[in-house]
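Just so you know, the sequences run in chain order A, B and C. Read in this note's numbering, the first sequence has 72 at position 65, and its numbers run on one by one without any break. Read in this note's numbering, the second sequence has 34 at position 10, and its numbers run on one by one without any break. Read in this note's numbering, the third sequence has 489 at position 220, and its numbers run on one by one without any break. Where is the CB? At the ideal position from N, CA and C, for every residue including glycine. These figures come from a predicted structure and were not determined experimentally.
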Amino acid sequence: MQDYVGVQPVFQRNYNRMLLPAVIAVGIFAVLPLAGMVALSLTDFHLINGWDKEFGLKNFIRLWNDRRFMSSLNVMMLLSVFGVIFQVLLGLLIAVGLEKIVPKWRFMRGIFVVPFVVPAVAVALIWLSLFTPTLSPINAFFDLFGITVPAILTTQYGAVAAIVIADTWASYPFVMLLILAALQGISGDLDEAASIDGATKMQIFFRITLPLLKPALLMVALFRFIETLKHFPLIFIMTNGGPGRTTQATNYYAYIQTFQSSNVSYGAAIAVFLFLFAAVISFYVARANMRISDA
Amino acid sequence: MTIHKKLMQLSAASLAVITGFALTPTKAVAEDVEVLLFSMPFTRALAELEADFEAKTGLTAKIDVIGQDVFENRITLSFTGKTGDLDVVHAPVIQLQRWVKAGWLRPITAETAAMATKDDILAGPLDSFVVNGEQWGLPFLAGTGMMAYRTDLLSEAGFDEPPATWEEMLTVAAAVKEKGTPALAMRVAPGQGFNMFVYPQIMRAYGGKFFADYPTDLTPSMNTPEGLQGLEVYSKLMNDYGPEGIGNFNFGEVTAAMQSGQVAMIIDESGLIAQTLDPEKSQFADKISIAAVPSGPAGRSPAIAVHGLGIPADAPNAEASFKFIEWATSEETLTKIAISAGFADFTRASVADNSDVTERFKSIHPDFLSLRVQMLNDAIGHYRPLIPQWPQIGQAVGENINAAVNGIMSNQEALEAADEEIANILAE
Amino acid sequence: MPKARTGPKQIIGVTMMLAFVGFTLLPIIWALILSFRPTTHLFEPIWESPTFLTLDNFNTLARSDFPIALFNSLVTAGSSTVLAMIIGVPAGFALAKGRSHRKFIASWALLLLRMAPPVGFVIPLFLIYLNIGLLDTWAGLIAAYMVLTLPLVVWSSWTSLAQIPDELIEASLLDGATLFQTLIKVVLPAARPGIVATAVLAFLIAWNDFFFALIITRSSTVTAPVSVMNFVSYASVDWGSIALASVVLTLPTVPVIIFANKYIVQSMGGAVKG
């Protein structure tokens with residue numbers, strides 16, 4: 008990789024100058040609140056009982072013994088892992104389908120991108136209406152044949168599945184776009200050479216295309232994984248954390264502690280935990296990304 | 025090069041917009057009284073009467089009506105931050121203890137005592153705003169539990185009378201369901217104002233309770249044989265005889281199910297029951313009748329919810345705030361809204377005596393007003409315990425009860441967990 | 270390329286693609302239907318009363334605060350996108366072409382900022398805004414959205430500007446242009462797809478926000494996603510208005526994305542290919 012572009016050191020100074028506003032802005036807009044979050048997590052701020060400014064780690068010790076926190080981690084992993092699997096799978100299938108099965112139907116790509124721009128709140132409300140048996144056309148349709156579609160939002164895994172479905176619907180286009188981009192970077196020559204050698208389409212896909220897509224798939228999966236950790240509107244609107252507490256993922260639990268239980272500092276401690284978790288994962292994403300761009 | 029020119033133009037234009045708009049104070053024209061309410065038929069109707077208030081008092085008001093979820097966040101933060109941007113707030117009695125304890129409200133004891141029409145306000149709702157000997161708000165809404173049922177579906181199943189007890193309810197529900205329509209819908213969604221609004225009706229009917237001896241002994245006591253029996257009845261009614269998806273139903277779904285003919289009976293709040301009797305909103309209004317909340321071995325305990333208006337502690341002009349509250353809860357305003365919006369939960373005796381109002385409710389159902397008074401009389405003030413921790417306790421208990429109904433925990437486990445969590449919250 | 274055949278495999282493939290189209294479009298069609306249904310017939314299957322359609326929900330929406338909220342959303346999401354582009358693109362350029370030993374740290378930091386949980390940001394932000402009077406102002410919301418948009422813009426312009434050949438920049442510098450002039454006059458026009466895609470993505474991310482607006486806006490600057498929740502009221506969930514509001518909320522972004530999706534694919538290529 009080149010060091011820098013430009014002939015004289017003076018340009019390097021100019022590069023730094025271009026970087027400066029962003030560094031300052033990030034400092035003000037992001038680092039400041041983050042520092043506040045850490046400070047809050049180390050003190051004890053309760054909406055009703057007021058502020059006990061004594062510093063300490065007691066919120067983090069409490070995390071360790073909090074069963075609800077532990078089960079929220081479990082919910083979060085369920086939502087993220089299954090969410091990512093389905094999004095990547097669907098995004099991959101559609102991207103490959105667009106390129107190989109119906110390459111002439113260009114307009115289809117536009118269709119597949121649409122969910123990407125539906126705001127999360129709207130996604131949640133639309134899917135909530137589809138999962139409300141008394142309202143849903145799905146239930147009404149199967150009723151015609153005397154089939155009762157079970158209510159999905161009232162069972163533990165059903166509610167998790169509902170959120171995963173809604174999230175998959177809204178997020179696969181992102182995966183698809185990224186994979187389409189990667190596919191276009193893969194030369195068609197390889198395919199042709201392989202098909203001359205007598206390989207079937209399936210063989211070409213699994214032996215050649217898929218391995219070449221691996222770095223892109225990994226990137227996008229990690230990207231989506233971290234995004235899914237931030238689930239809020241889908242849970243807030245579709246399940247309210249229910250049934251029982253089975254869809255209270257960690258981010259949502261932090262919200263509950265902060266606003267419903269008034270434990271602002273404890274909520275902040277949960278957020279700090281999530282932040283550290285995201286830091287570890289984004290470290291790997293950054294490294295994977297560096298490898299790809301260095302390659 | 026055109027793209028970069030366009031980009032530059034766009035940036036320049038947007039910059040102008042930012043500097044021109046974003047930095048100008050958004051509250052250029054502040055009103056005298058800023059009011060924050062959450063959306064319900066009464067508050068929406070009240071917002072439309074803004075001009076009335078101005079005509080009466082010469083003060084201007086800005087009435088914001090927002091969704092309940094958003095309201096709770098916004099109000100908590102406004103109070104905590106002492107933002108001073110609100111003059112009057114929607115104050116549900118169920119939050120009152122918490123708000124008073126946190127010092128978020130300003131007492132209006134003297135102002136209330138000086139009111140000429142104070143005695144016209146229903147005593148129960150008015151007194152529910154008294155905490156520590158001070159008056160913290162005036163009521164505009166007193167809702168209670170009520171049942172609505174489909175006369176045609178019940179008689180088809182062989183019943184001419186609605187069930188009077190929860191035991192009978194089990195029988196009637198089984199028979200109605202047998203005929204092919206889901207029998208009963210109630211709120212099941214978790215929340216202190218959701219399932220915890222309706223569930224204690226069954227719990228208390230069977231002799232269950234939240235605490236060993238409220239208010240003197242606050243030992244959590246939900247896990248008793250009586251409490252368990254109540255929860256079993258609730259779970260059975262919802263699971264065996266409720267509509268598909270009942271485990272996630274809230275008031276909206278419950279009301280809609282009745283209005284669209286998807287269920288034979290609902291038990292919910294009086295104001296919402298009135299909505300199911302309104303032919304404009306309800307397809308089967310002419311086949312729907314009303315009845316008392318069923319009773320049980322320990323009697324009848326209809327739900328009660330009182331909402332009113334209070335003044336934030338940091339409100340800049342308390343005098344104007346009180347003028348607004350006085351106007352909004354006045355006989356004239358309540359009567360207007362009772363007639364225009366079919367608002368049934370009014371809090372003044374004189375409104376019930378108004379002939380236009382009685383006419384209006386006769387057309388809805390001849391017995392509506394008398395049944396409402398009967399239910400209000402049967403209701404106990406601490407139907408949901410009046411303690412500062414209730415909102416948090418109600419949330420925690422509601423989640424466990426919801427888990428029990430949806431089969432995630434057994435009924436027994438849910439009550440054990442509820443007791444344990446109540447104890448933890450009280451110990452905090 | 271292999272010739273298109275109409276074998277059973279091809280049929281299965283096409284069927285699969287059509288199924289995906291169905292999965293993608295049916296919820297949207299459903300939302301459209303809901304938005305035209307009168308309240309009294311919401312709970313009836315559409316095929317039982319297909320002619321019961323109404324424009325009432327438009328009136329409800331027009332009379333509510335939703336139009337103002339929509340405007341607030343446009344202003345705040347738009348402004349924060351523009352600001353983030355002005356600050357972020359030069360930074361992306363510097364990271365793509367400048368010399369730095371901290372590129373790894375920079376990319377990690379950017380990713381981390383994109384991924385930090387908003388619930389952690391928002392309470393400190395609320396307390397800060399409270400003290401400096403930025404609560405419930407456009408400026409405050411725009412600044413908060415910078416948390417979302419700026420890292421994205423830097424990251425995304427970094428990857429797309431890295432694809433610009435160095436020779437182009439060197440030639441311009443040798444002609445005597447300053448680095449900034451080079452960025453504006455040479456690099457940006459050459460990197461047009463990436464820049465457009467970056468702006469679109471930044472706008473979407475701010476437009477989508479629910480959580481920040483929920484906490485740091487009050488009545489005057491409430492945004493559309495939060496305003497939609499006002500139709501979920503005690504007494505009834507106004508599904509017709511909700512569906513219509515959802516559709517309206519989506520509409521402004523649809524043409525953008527259809528027009529820009531080829532740019533997005535091209536610019537994402539920068540992120541994934543060697």
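If you follow the alpha helix (DSSP H) that residue i is in, where does it begin and where does it stop?
i	result
B:Met282	275–283
A:Arg214	A:Arg214 -> no alpha helix (DSSP H), and no H or E assigned at all.
B:Ile90	Segment 85–90 is the beta strand (DSSP E) holding B:Ile90; no alpha helix (DSSP H) there.
C:Trp476	461–476
B:Met262	249–265
B:Gly295	294–300
C:Ala408	407–430
B:Ser364	355–365
Below 7 Å CB to CB, which residues in the same chain sit around residue i once its five sequence neighbours on both sides are set aside?
i	result
A:Leu225	Ala295
B:His28	No answer about B:His28 holds up, because its pLDDT of 49 lies below 50 and its placement is not dependable.
B:Ala52	At B:Ala52, the pLDDT of 40 sits below 50, so the modelled position is not reliable; the number obtained from the coordinates is stated separately. Around B:Ala52: no qualifying Cβ.
A:Ala168	Ile159
B:Asn219	Arg211, Val212, Ala213, Gly422, Ile425, Asn426
Cβ atoms of residue j and residue i: under 7 Å apart, would you say?
i	j	result
B:Ile132	B:Arg372	no
A:Asp198	A:Ile186	no
A:Ala256	A:Ser79	yes
B:Thr67	B:Leu61	yes
B:Val429	B:Ala327	no
B:Pro318	B:Pro224	no
A:Phe36	C:Val416	yes
B:Ser284	C:Phe312	yes
C:Leu303	C:Trp508	yes
C:Trp427	C:Leu382	no
B:Thr168	B:Ser294	yes
B:Pro214	B:Gly422	yes
A:Thr254	A:Ile263	no
B:Leu83	B:Ala344	yes
B:Leu255	B:Asn378	no
A:Ala166	A:Thr246	yes
C:Ser510	C:Leu330	yes
Leaving out five residues on either side along the sequence, give the residues of the same chain with a beta carbon under 8 Å from the beta carbon of residue i.
i	result
B:Leu31	Because the pLDDT of B:Leu31 is 49, which lies under 50, any placement of that residue in the model is unreliable, and the number read from its coordinates should be weighed accordingly. Answer for B:Leu31: no residue qualifies.
C:Lys531	Pro462
Going by DSSP, name the residue or residues bridged to residue i.
i	result
B:Gly182	DSSP, once it has assigned bridges, lists no residue as partnering B:Gly182.
C:Gly357	Looking at the DSSP assignment, C:Gly357 forms no beta bridge with any residue, so it has no partner.
B:Gln159	B:Val154
B:His331	B:Pro116, B:Leu165
C:Leu394	Paired residues: none, contrary to the question.
B:Pro244	B:Phe235
C:Val506	C:Val501
B:Ile312	B:Arg174
Could you tell me the boundaries of the beta strand (DSSP E) in which residue i lies?
i	result
C:Phe500	First-last for C:Phe500: undefined, no H or E at that position.
B:Phe235	235–237
A:Asp59	57–59
B:Val59	57–62
A:Asp51	51–53
I'd like the list of long-range same chain contacts for residue i, defined as Cβ closer than 6 Å, with 5 residues on each side in sequence excluded.
i	result
B:Glu135	Phe346
C:Phe480	Pro387
Taking only heavy atoms of the ligand NAP into account, decide whether any of them is closer than 6 Å to the Cβ of residue i.
i	result
B:Gly418	Annotation note on the ligand NAP: not contained in the displayed structure, which lists no ligands.
>> Closer than 9 Å between beta carbons: that is the criterion. Which residues of the stretch 234–246 of chain A meet it against chain C?
In response: Glu234, Leu236, Lys237, Phe239, Pro240, Phe243, Ile244
>> Output needed in chain order: residues of the stretch 349–380 of chain B with a Cβ under 9 Å from some Cβ in chain C.
In response: none
>> What are the residues in the stretch 113–146 of chain B lying within 7 Å of chain A by C-beta distance?
In response: Per Cβ criterion, the list reads Arg122, Lys125, Ala126.
> When you check each C-beta in the stretch 268–288 of chain B against every C-beta of chain A, which residues fall closer than 8 Å?
Replying inline: Glu268, Gly269, Ile270, Gly271, Asn272, Glu277, Ala280, Ala281, Ser284, Gln286
> Going along the chain, which residues of the stretch 201–226 of chain A sit with their C-beta nearer than 8 Å to a C-beta in chain C?
Replying inline: Ser202, Lys208, Pro222, Ala223, Met226
> Which residues, in order along the stretch 469–501 of chain C, keep a beta-carbon less than 9 Å from a beta-carbon of chain B?
Replying inline: Leu483, Ile484, Ile485, Thr486, Arg487, Ser488, Ser489, Thr490, Val491, Val495, Ser496, Val497, Met498, Asn499, Phe500, Val501
> Going along the stretch 254–273 of chain A in order, which residues come within less than 7 Å of chain B, judged by CB to CB distance?
Replying inline: The residues in question are Phe266, Gln267, Ser268.
> the stretch 86–110 of chain B: which residues have C-beta closer than 9 Å to a C-beta of chain A, in chain order?
Replying inline: Asp93, Glu96, Asn97, Thr100, Leu101, Phe103, Thr104
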